[in-house]
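Single-structure report; data block below.
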Amino acid sequence: MRPKKSRWRWNMTKQIVVAVAGNPNTGKTTFVNALAGTRLRVGNWPGVTVEKKEALLRLNGKEIFLVDLPGTYSLSPYSEEEIIARDFLVKERPDVVLNVVDATHLERNLYLTLQILETGCPVVLVLNMYDEARRRGLEINLARLSALLGIPVVPTVAVKGEGLQEALQQALELAASPNPRKKVHYGEEIEGAIKEIEDWLGKNVPQIAVKYPLRWLALKLLEGDPRVLQETGLKIPEDLPLIRHLQKVHGDLSDLLIEARYGLAAGLVRQCIKEHRVEPPLSEKLDRLLLNRYLGPPLFALAMWLVFKVAFDFSAPFVDWFDGLIGATGGTLSYLLKHLSVPDWLYSLIIDGLVSGVGAVAVFLPLIFILMLVLTFLEGSGYLARVAFLVDRLFSFVGLHGKCALPLLLGFGCNVPCVYATRVLESRRDRILTVALAPFMSCGARLPVYVLFAAAFFGPRAGTVIWSLYLLGVVVALVLALVLQRTLLREEPGLFVMELPPYRMPGWRYLLVHAWEKTRHFAVKAGTYIVVISMLVWALLHLPPGQDLRHSYLGRLGAFIAPVFRPLGFAHWEAGAALVTGVLAKEMVVSTLGQIYGTEKREPSAEISFPWESWKEVIKGLPLAFVEAGKNLWASFSPVSLEAESPAPKLLEKIRQKFDPFSAYAFMVFTLLYAPCMVVLASAYAEFRSLKLLAIMVGAGLFSAYLLGILIYQIGHLF
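Throughout, this note's numbering is defined as the position within the sequence shown, counted from one, plus 35.
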């Protein structure tokens with residue numbers, strides 16, 4: 036009997052539920068994104084922070100509810116991802132499972148395929164990266180593989196969109212087919228034991244078949260799955276003769292089943308795949324160079340330098356155009372508000388608070404998008420995954436291992452996902468240490484600060500200066516890891532084993548979708564969280580009434596802490612106020628400076644005209660921005676560097692009056708290292724419930740920020 040459907044359906048009577056399952060690095064995400072496109076909804080699975088993706092599709096008059104399950108290597112529930120995937124297949128019973136496998140590593144992927152078949156769900160085997168398999172000389176007999184498994188087999192190339200509709204069509208046909216499914220056969224001994232347990236279940240607990248597939252439950256009881264034993268309260272009786280015989284001959288039955296699955300997978304590959312001799316694949320040739328113990332690290336450093344230089348140079352014209360767009364929008368709002376005769380305080384809140392505050396952050400959206408686009412290319416190509424191997428030797432010296440690099444790499448986008456991504460680490464000690472280092476990975480929220488100050492003082496060298504800040508954050512994190520490893524966290528790090536994905540050329544659709552998803556987080560934050568905080572900052576800058584900004588509540592607080600920063604070269608209240616609000620969100624550093632320096636004294640009767648000229652410049656400026664971006668990109672790789680226009684020229688002029696190059700760099704370093712934002716601290720506390728960890732994150736950040744800021748400013752002024 037099939038269990039009833041539950042919350043996953045949007046319309047249970049009409050929709051076909053299709054689950055997408057597979058190992059990591061099989062192109063499953065690309066497959067799902069290519070199928071769903073903009074219809075993909077991203078959230079979290081109930082009760083956990085594991086990302087959940089779903090979409091509603093239509094094909095041949097049918098509605099398909101697509102659910103992307105977390106990537107797993109097996110359905111043995113040792114991680115949250117494995118628990119989610121298995122519970123969905125067993126308890127929610129989708130109509131069809133699209134099992135996406137890597138055609139170049141079929142034997143390894145078939146282990147999960149066999150476990151999915153054990154659940155009794157209808158399965159379509161999707162051989163992704165089929166073109167890569169053929170290039171490697173692999174000839175796969177699709178018809179024979181389909182016959183042996185008893186399921187449809189569809190070759191696809193997800194990055195090119197090939198075979199996707201065929202896979203979906205096969206899923207629809209399979210969902211409508213009433214034919215009984217072929218069972219995976221594991222040999223006479225194991226099959227006899229399964230039958231013995233099924234008979235015992237049918238006789239003693241017949242109602243259990245309503246909740247679980249009977250054959251799957253028998254397999255789980257046979258291998259002693261702890262989660263199933265706990266959920267069901269069942270235990271195999273010791274007097275079953277076949278079970279007793281197997282235990283006597285083979286010992287641990289879970290090992291017996293694992294060997295049976297791997298043996299069956301190997302046998303399927305031997306029968307269905309012929310391997311022809313070809314030249315060594317490009318991946319091997321590239322790895323000899325990029326993973327070389329001597330050449331690999333400097334090549335990675337060079338790649339990161341190029342990322343920031345290209346992103347900064349190429350995006351500069353778009354940042355300048357976006358600044359003009361925000362200026363024209365602000366001018367239009369100012370004109371409308373004056374003609375609506377709104378109160379002066381409301382006018383100031385909208386223009387000085389929201390437009391100046393949010394606009395100072397939003398102007399950098401083009402830069403964030405270009406940077407995410409380049410990083411997505413490195414990620415999709417398979418190169419970033421290899422960074423874990425490059426840094427493993429260095430990380431082991433400071434008490435980490437290469438797998439810790441993967442969550443830390445996420446920190447360059449946002450530190451919050453970095454905190455949650457540490458769940459892939461087996462050791463609690465490794466998780467705590469990695470989270471303690473997360474704030475030193477420079478997130479996208481700090482980037483507007485770097486760009487603003489680098490553009491003000493370092494001109495064509497701005498990209499190099501920004502790259503140096505990212506590198507400095509990593510160096511400080513490694514020093515902190517070494518200190519913690521020799522003091523508070525003395526345990527040995529866990530073992531490092533990881534699968535390398537093949538090199539691929541990501542398609543433009545993949546790049547644009549993923550880059551926008553990462554940029555959207557920044558944009559949504561600017562449109563919600565930053566709006567609220569900007570209004571709060573505006574209130575603190577304009578209360579008590581009748582005072583200038585210097586004597587407002589925020590101005591007084593900034594002036595109170597300003598002397599502390601005298602050794603760093605920025606002992607003025609504006610810098611102090613910006614750093615205080617930066618604790619709430621790092622974007623607020625630039626937002627607060629934008630409000631402080633963007634607030635101008637106006638005469639109440641001053642006439643404001645509609646900004647026609649500004650809008651003309653915006654309309655004419657967009658095509659020119661593309662031309663300038665192309666020139667800058669060419670100049671990035673040529674001996675001559677073009678100096679791009681700077682964003683927010685009025686704000687830059689104010690900053691140049693308050694800082695010099697050394698104090699500006701010290702300010703950027705302080706912003707990089709000092710206390711993490713409140714959301715990161717809240718996430719870390721929610722994960723570990725440890726005030727000591729929060730104290731380490733805040734204390735180490737403030738200490739290193741202050742010490743390095745002093746050294747940079749004081750040593751810089753010696754020469």
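Built from N, CA and C at the ideal position, the CB exists for glycine as well.
Would you mind giving the Cβ-Cβ distance between V135 and K63, rounded to the nearest angstrom? I have them listed as a contact below 8 Å.
For the purposes of this step, residue 135 is taken as residue 100 along the sequence shown, with counting starting at 1. For the purposes of this step, residue 63 is taken as residue 28 along the sequence shown, with counting starting at 1. Taking C-beta atoms under 8 Å as the contact rule, V135 and K63 qualify, at a distance of about 4 Å.
Mind checking who L101 pairs with in its DSSP beta bridge?
Your numbering for residue 101 matches position 66 in the sequence shown. According to DSSP, which records beta bridges pairwise, L101 is partnered with V53 and A90.
Does the structure place the segment 135-155 close enough to the segment 53-60 that three or more beta carbon pairs sit under 8 Å?
Touching, yes, given that three or more Cβ pairs across the two stretches are closer than 8 Å.
Can you name, in chain order, every residue of its own chain whose Cβ lies under 7 Å from the Cβ of C439, other than the five neighbours on each side?
Position 404 of the sequence shown, counting from 1, holds the residue named residue 439. F430, L460, D465 and T469.
Look at the alpha carbon of A606 and the alpha carbon of F600, and state the distance between them as a whole number of angstroms.
To locate residue 606, count along the sequence shown from 1; it is residue 571. To locate residue 600, count along the sequence shown from 1; it is residue 565. Using only the alpha carbons, I get a separation of about 5 Å.
State the Cα-Cα distance for the pair A182 and E622, rounded to the nearest angstrom.
For the purposes of this step, residue 182 is taken as the residue at position 147 of the sequence shown. For the purposes of this step, residue 622 is taken as the residue at position 587 of the sequence shown. Take the alpha-carbon of A182 and the one of E622: they are about 57 Å apart.
Which residues in the same chain have their Cβ closer than 7 Å to the Cβ of A253, if we skip the five residues on either side of it in sequence?
Here residue 253 refers to the residue found at position 218 of the sequence shown. Cβ within range, chain order: I229, I232, E233 and L236.
In whole angstroms, what separates the C-alpha of I385 from that of D348?
Taking the first residue of the sequence shown as 1, we reach residue 385 at position 350. Taking the first residue of the sequence shown as 1, we reach residue 348 at position 313. Taking C-alpha positions only, I385 is separated from D348 by approximately 32 Å.
Measuring CB atoms only, is the segment 695-710 touching the segment 728-739, in the sense that at least three cross pairs come out at less than 8 Å?
For the pair of segments examined, the segment 695-710 was found to touch the segment 728-739: the number of CB pairs separated by less than 8 Å reaches three.
From this set, V398, I631, V615 and L303, which residue's C-alpha is nearest Y221's C-alpha?
Here the question's residue 221 lines up with position 186 in the sequence shown. Of the candidates V398, I631, V615 and L303, the one whose C-alpha sits nearest the C-alpha of Y221 is L303.
Going by beta carbon distance, what residues of the same chain come within less than 7 Å of W251, once the five residues before and after it are set aside?
For the purposes of this step, residue 251 is taken as residue 216 along the sequence shown, with counting starting at 1. The answer, listed in chain order, is V125, E153, T154 and G155.
How would you call W608, buried or exposed, if buried means at least 16 neighbouring beta carbons within 10 angstroms?
Counting from 1 along the sequence shown, the entry for residue 608 is found at position 573. Counting of Cβ neighbours within 10 angstroms places W608 among the buried residues, the total reaching 16 or more.
What's the C-alpha gap between S587 and L368?
Counting from 1 along the sequence shown, the entry for residue 587 is found at position 552. Counting from 1 along the sequence shown, the entry for residue 368 is found at position 333. Cα to Cα, the separation comes out at about 26 Å.
Do P755 and A456 have their CB atoms nearer than 7 Å?
The requested residue 755 is not part of the displayed model; the chain covers only 36 to 754.
Three or more C-beta pairs below 8 Å linking the segment 445-456 and the segment 651-666
Judged by Cβ distances under 8 Å, the segment 445-456 makes no contact with the segment 651-666, as fewer than three pairs qualify.
Have a look at L264, G259, L299 and A550 and flag the residue whose alpha-carbon is nearest the alpha-carbon of Q282.
Reading the sequence shown from its first residue, position 247 is the one you call residue 282. That would be G259, whose Cα lies nearest to the Cα of Q282.
C-beta atoms of G359 and E652 nearer than 7 Å:
If you number the sequence shown from 1, residue 359 lands on position 324. If you number the sequence shown from 1, residue 652 lands on position 617. Closer than 7 Å, so yes.
Per DSSP, what are the beta-bridge partners of V192 in this structure?
Residue 192 sits at position 157 when you count from the first residue of the sequence shown. The bridge partners DSSP lists for V192 are E197.
Out of A168, A210 and S718, point me to the one whose CA is closest to V192's CA.
Working through the sequence shown from its first residue, we reach residue 192 at position 157. For the residues A168, A210 and S718, the minimum Cα distance to V192 belongs to A168.
Let me confirm a value: E116 is counted as buried when at least 16 other C-beta atoms fall within 10 Å, else exposed. Which label applies?
Mapped onto the sequence shown, residue 116 falls at position 81. Result: buried.
To which residues does DSSP link N163 through a beta bridge?
Walking along the sequence shown from the start, residue 163 turns up at place 128. Residue pairing for N163: DSSP places it in a beta bridge opposite D137.
Under 7 Å between the Cβ atoms of L180 and V161?
The residue you call residue 180 lines up with position 145 of the sequence shown. The residue you call residue 161 lines up with position 126 of the sequence shown. No. Outside cutoff.
Y108 to P537 span [Cα, whole Å]:
Along the sequence shown, read from residue 1 onward, the residue named residue 108 stands at position 73. Along the sequence shown, read from residue 1 onward, the residue named residue 537 stands at position 502. Cα to Cα, Y108 sits roughly 17 Å from P537.
Which whole-angstrom value describes the C-beta separation of G611 and A395, a residue pair presumed to lie in contact below a C-beta threshold of 8 Å?
Here residue 611 is taken as the residue at index 576 of the sequence shown, counted from 1. Here residue 395 is taken as the residue at index 360 of the sequence shown, counted from 1. 18 Å between Cβ atoms; not a contact.
Assuming I186 and V158 form a contact by the criterion Cβ under 8 Å, report the distance between their Cβ atoms to the nearest whole angstrom.
By one-based count along the sequence shown, residue 186 stands at place 151. By one-based count along the sequence shown, residue 158 stands at place 123. Contact check for I186 and V158: beta-carbon distance about 5 Å, within the 8 Å limit, so the pair qualifies.
At the level of alpha carbons, what is the spacing between A699 and Y165?
Position 664 of the sequence shown, counting from 1, holds the residue named residue 699. Position 130 of the sequence shown, counting from 1, holds the residue named residue 165. A699 and Y165 have their C-alpha atoms some 52 Å from each other.
Endpoints, alpha helix (DSSP H) assigned at K230:
For this step, residue 230 is matched to residue 195 along the sequence shown. Note, K230: alpha helix (DSSP H), E223 to N239.
Give me, in chain order, the residues of the same chain whose beta-carbon lies closer than 8 Å to that of F697; leave out the 5 immediate sequence neighbours on both sides.
Working through the sequence shown from its first residue, we reach residue 697 at position 662. For F697, same chain residues with a beta-carbon under 8 Å away, outside a window of 5 residues either side, are G604, I747, Y748, G751 and H752 in chain order.
Any idea if K309 is buried or exposed, counting beta-carbon neighbours within 10 angstroms, 16 or more meaning buried?
Counting from one through the sequence shown, the residue named residue 309 turns up at place 274. With fewer than 16 other Cβ atoms within 10 Å, it is exposed.
By DSSP, does L547 sit in helix, in strand, or in coil?
Position 512 of the sequence shown, counted from the start, is the residue given in the question as residue 547. In the structure shown, L547 sits in a helix (DSSP, three-state: H, G or I).
With a threshold of 7 Å on Cβ separation, who are the neighbours of L535 within its own chain once the five nearest residues in sequence on each side are excluded?
As a first step, residue 535 is located in the sequence shown; it is residue number 500 there, counting from the start. The answer, listed in chain order, is A420 and R421.
K438 by DSSP, collapsed to three states: which one?
Within the sequence shown, the letter at position 403 stands for residue 438. DSSP places K438 in the helix class (H, G or I) of the three-state scheme.
Close-in-space but distant-in-sequence residues of the same chain around A480 (CB under 6 Å, 5 per side omitted)
Position 445 of the sequence shown holds residue 480. The beta carbon of A480 is closer than 6 Å to those of K621 and E622 in its chain, skipping five residues each way along the sequence.
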